[in-house]
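**Student:** I am attaching a structure below and will ask some questions about it afterwards.
In UniProt numbering, the protein residues as written are 1 to 244.
As structure tokens, this is what we get:
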């Protein structure tokens, strides 16, 4: 069972100013930014569905299957057709390798059709490369965030010790002047490869902005809840010690 991190006080529930918690405009702006993306994805899925591919391939039945033959086969995971190549031929099935994705699957011969040609193969290779690149970047970002979080947690116990050492070192005549930790540090410049990937259209900019707001609010609320739970836990421990 999960632990409660944050609980609002009863006085906060009776807030006299309801506009403080009103996020209607934010939700409407988010929907306006996301709807075009949803419509584009829906239209793409409708055009690439199995029925559409079957309509195009009714005249492309294969009678003689051969190893190495380029084909267009149905993938069982999403029921869509992809360009592939025949690796092995059996009585009623073939072992197909899907180009670009490099995954293999046994496909019934009734779900294997003639290839749509070099253009379709090249397009699929580009789409697969883009998907693999996005997936790898998301994985790297997730791993970097995890490493940064672990590094921050491991440095917590030595914060007071480090501050004490820095304060004592300022007493030396030869040491540089002590710089308070509260002074803001100049952030490093954004890497050029990130600047090149910034969204260009207004809808993409709004979507990115809203997503950053959401993630910022999520982590801020999580931190506030964590600090509140710590205070409540410390207060309960003090009460127990007082009773004992």
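Using N, Cα and C, we set each Cβ at its ideal position, and we do this for glycine too.
This structure is a prediction, so every number in the text was calculated from the model and none was measured.
Classify residue 63 as helix, strand or coil using the three-state DSSP reduction.
**Tutor:** Residue 63 falls in the coil class under three-state DSSP.
**Student:** Would residue 27 be called buried (16 or more neighbouring beta carbons within 10 Å of its own) or exposed?
**Tutor:** Residue 27 comes out exposed.
**Student:** Count the other C-beta atoms from every protein chain shown that fall within 10 angstroms of the C-beta of residue 83, then say buried if there are 16 or more, exposed otherwise.
**Tutor:** Buried.
**Student:** Use the C-beta contact count for residue 124: other C-beta atoms within 10 angstroms, 16 or more gives buried, fewer gives exposed.
**Tutor:** Classification for residue 124: buried.
**Student:** Quick check on residue 69: does DSSP put it in helix, strand or coil?
**Tutor:** Coil at residue 69, not helix or strand.
**Student:** Applying the criterion that 16 or more other CB atoms from any shown protein chain within 10 Å of the CB defines a buried residue, is residue 230 buried or exposed?
**Tutor:** The residue is exposed, with fewer than 16 neighbouring Cβ atoms inside 10 Å.
**Student:** Got a sec? Which residues, its chain only, sit under 6 angstroms from residue 69 by beta carbon, not counting five neighbours each side?
**Tutor:** Cβ within range, chain order: 86.
**Student:** Can you tell which of 39, 113, 102 has its C-alpha closest to the C-alpha of residue 127?
**Tutor:** Nearest option by C-alpha distance: 102.
**Student:** Express the C-alpha separation of residue 92 and residue 223 in angstroms, rounding to a whole number.
**Tutor:** Their backbone Cα atoms lie some 58 angstroms apart in a straight line.
**Student:** For residue 98, which residues of its own chain have a beta-carbon under 6 angstroms away from its beta-carbon, when the five flanking residues on both sides are left out?
**Tutor:** So the qualifying residues of the chain are 82, 84.
**Student:** Once the 5 residues before and after residue 106 are set aside, which same chain residues still bring their CB inside 7 angstroms of it?
**Tutor:** Closer than 7 angstroms at the Cβ level, and outside the excluded window around residue 106, lie 93, 95.
**Student:** Hey, residue 37 and residue 113 are a contact pair by Cβ (cut 8 angstroms); roughly how many whole angstroms apart?
**Tutor:** Actually they do not touch by this definition, with Cβ atoms about 31 angstroms apart.
**Student:** Ignoring anything shorter than 3 residues or poking outside the segment 69-146, list the beta strand (DSSP E) runs there in chain order.
**Tutor:** Correct list: 70-75, 80-89, 93-98, 104-108, 112-114.
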